[in-house]
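Working notes, beginning with the structure itself.
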Amino acid sequence: MKLLVPVFVLAFAAVASAEEAAAPPARTWIDFESTDGSFSISLPGQPAEKVTETPIGTGTVKTTTYTLNLGPGGFYFVSYTDNVSKPADAFDSVQKELAKQGTVLEKKDITLDGAPGREISLEMTAKQPGDILTTVRVFAVGGRLYQVLTTHQKATTSAADQKRFLDSFKVLKK
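Those letters in the sequence shown? Residues 8 to 181, by my numbering.
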């Protein structure tokens with residue numbers, strides 16, 4: 008699952024490069040539904056959509072990402088990739104790539120409406136240890152791999168906002 012790597016590196020670079028600032032102003036949260044109607048999630052703003060095709064073997068893999076970069080206020084990310092045949096391998100691959108970016112604090116198997124998943128929390132080493140925290144939840148639903156990620160600077164983003172984002176993710180079509 009090498010195609011997952013560029014997406015996570017992008018997420019980490021976005022927050023790591025954000026300028027230090029005071030806590031961001033309160034934002035209005037919205038309920039967002041993906042363009043294809045496959046999932047919904049609550050975010051503190053409108054995400055940008057991007058579709059990429061990555062050559063792999065004799066074909067390509069299409070990944071759709073939704074990102075919202077609030078700088079010091081946090082980075083919110085949801086993506087999906089189709090035709091994932093071995094969820095456990097995909098979960099391990101995501102975890103391995105994350106471990107290259109920081110120290111894994113916790114990992115646990117989770118479910119979403121009976122679908123297998125994994126949650127991984129880590130401390131990023133891009134700035135100062137402990138400054139940037141990332142939590143990703145990865146789910147395999149009907150051959151599709153969903154990644155729900157939030158990265159934030161501890162001093163500027165509340166844990167409640169991160170939990171609200173992660174807990175609001177719902178698959179609408181399987």
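Glycine included, C-beta positions come from ideal geometry on N, C-alpha and C.
Expressed to the nearest angstrom, what Euclidean distance is found between the alpha-carbon atoms of residue i and residue j?
i	j	result
P129	Y153	Here residue 129 is Leu; the residue named in the question, Pro, does not match the sequence. In a straight line, the C-alpha of L129 is about 19 Å away from that of Y153.
T70	T88	5 Å
Y83	L75	5 Å
T35	G124	29 Å
H159	E40	23 Å
A147	P79	30 Å
S49	T118	19 Å
T59	A167	31 Å
T142	E126	7 Å
T65	A162	46 Å
K177	A95	20 Å
G52	I37	6 Å
L77	G109	21 Å
Quick check on residue i: does DSSP put it in helix, strand or coil?
i	result
F176	coil
D99	helix
L156	strand
R151	strand
A122	strand
R144	strand
Comparing C-alpha positions only, which one of the options sits nearest to residue i?
i	options	result
G150	A122, T158, T142 and T72	A122
E113	D138, R144 and I48	R144
V91	V68, V111, T110 and T72	V68
With 16 as the cutoff for other CB atoms within 10 Å, does residue i come out buried or exposed?
i	result
S165	exposed
G81	buried
A97	buried
A86	The sequence given here places Ser at residue 86; Ala does not occur at that position. Answer is buried; the Cβ neighbour count reaches 16.
T182	The shown model of the chain, from 8 to 181, leaves out residue 182, and the question about it has no answer.
(request) Just list the beta strand (DSSP E) runs in the stretch 37-116, keeping only unbroken ones of 3 residues or longer that don't cross its boundaries, in chain order. (result) 37-40, 46-50, 55-63, 66-76 and 82-88
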